[in-house]
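One gets the numbering used here by counting positions in the sequence shown from 1 and adding 2 to each.
Notes to accompany the following structure.
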Amino acid sequence: MFSCRSETDVSLLANFRRFGWSIVATVNFYRAGFMVQIAAVFMSAFDEKRAANDKRVAIDVREYGCHVISVFDPKEVQPFFSYSVGIQETSSVPDAIVVGLKSNIGGFMINEYNRQVKAGARFQRGVRYSGFLEGFEVYIEPARRRLLADYTYGCDRYYGEREYSVVQIIWPSTAGVWPWQKSASAWFRENQPMLGRVRPNRA
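Here's what the structure looks like:
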């Protein structure tokens with residue numbers, strides 16, 4: 003009932019501010035006249051697509067309580083991540099992000115968070131919660147805004163000048179290891195960076 007509609011995009015498009023500026027700067031450097039015109043056409047077409055997406059996000063927030071955006075790197079160098087847009091507006095609690103899991107799993111976890119907060123659940127630091135990942139518990143940790151800059155561009159667009167908060171849903175490995183533990187592999191740590199405290203298991 004509370005499942006948020008989702009979309010999937012590549013990381014460069016999801017973080018268009020940096021992508022757009024680099025395109026314009028590169029084009030201007032090589033061809034000051036002709037290529038600038040091409041860049042302007044590209045920007046205009048992208049603006050139209052972005053406006054349509056903004057409208058869809060607003061509709062989804064109104065109908066489902068949020069919109070889920072899942073982002074991936076086609077080269078699989080950067081980790082997958084999924085995050086919500088609009089939960090803070092509809093449920094008066096932070097939006098949520100999951101880093102390091104593919105869109106089907108990350109999206110499910112975001113939807114479960116949305117379902118639980120709509121049912122009245124409120125989450126505390128340092129407490130493990132179930133229902134998000136079959137067979138495992140998770141921590142829910144407030145993220146720091148300065149660490150979200152490369153992730154939640156959709157929230158930036160939706161909320162505009164309004165302040166918003168995000169929590170990170172943190173998951174263990176299949177062996178039950180958490181990213182901050184000594185036994186965690188370097189890959190696991192890099193695949194799920196901590197966007198809040200380094201050790202979310204502490205109250």
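Glycine included, every Cβ here is placed at the ideal spot set by N, Cα and C.
Can you give me the start and stop residues for the beta strand (DSSP E) that residue i sits inside?
i: residue 70; result: 69-74
i: residue 139; result: 138-144
i: residue 170; result: 168-172
If I measure Cβ to Cβ from residue i and keep anything under 7 angstroms in the same chain, skipping five residues before and after, which residues do I get?
i: residue 166; result: 90, 97 and 157
i: residue 160; result: 59, 87 and 88
Since residue i contacts residue j with CB under 8 angstroms, what's their CB separation in whole angstroms?
i: residue 130; j: residue 141; result: 6 angstroms
Short of 8 angstroms in beta carbon distance, which residues of its chain neighbour residue i, apart from the five on each side in sequence? Order them along the chain.
i: residue 200; result: 182
i: residue 35; result: Because residue 35 carries a pLDDT of 44, less than 50, the predicted location of this residue cannot be relied on, and the following value inherits that uncertainty. There are no such residues.
Taking DSSP as the reference, what is the three-state secondary structure of residue i?
i: residue 200; result: coil
i: residue 206; result: No answer is possible for residue 206: it lies beyond the span of the chain, which begins at 3 and ends at 205.
i: residue 60; result: helix
i: residue 162; result: coil
i: residue 134; result: strand
i: residue 54; result: helix
i: residue 49; result: helix
Quick check on the DSSP output: the alpha helix (DSSP H) that includes residue i runs from which residue to which?
i: residue 110; result: 105-120
i: residue 183; result: Run containing residue 183: none; DSSP gives neither H nor E here.
For residue i, count the other beta carbons within 10 Å of its own beta carbon; 16 or more makes it buried, fewer makes it exposed. Which is it?
i: residue 79; result: exposed
i: residue 189; result: exposed
i: residue 145; result: buried
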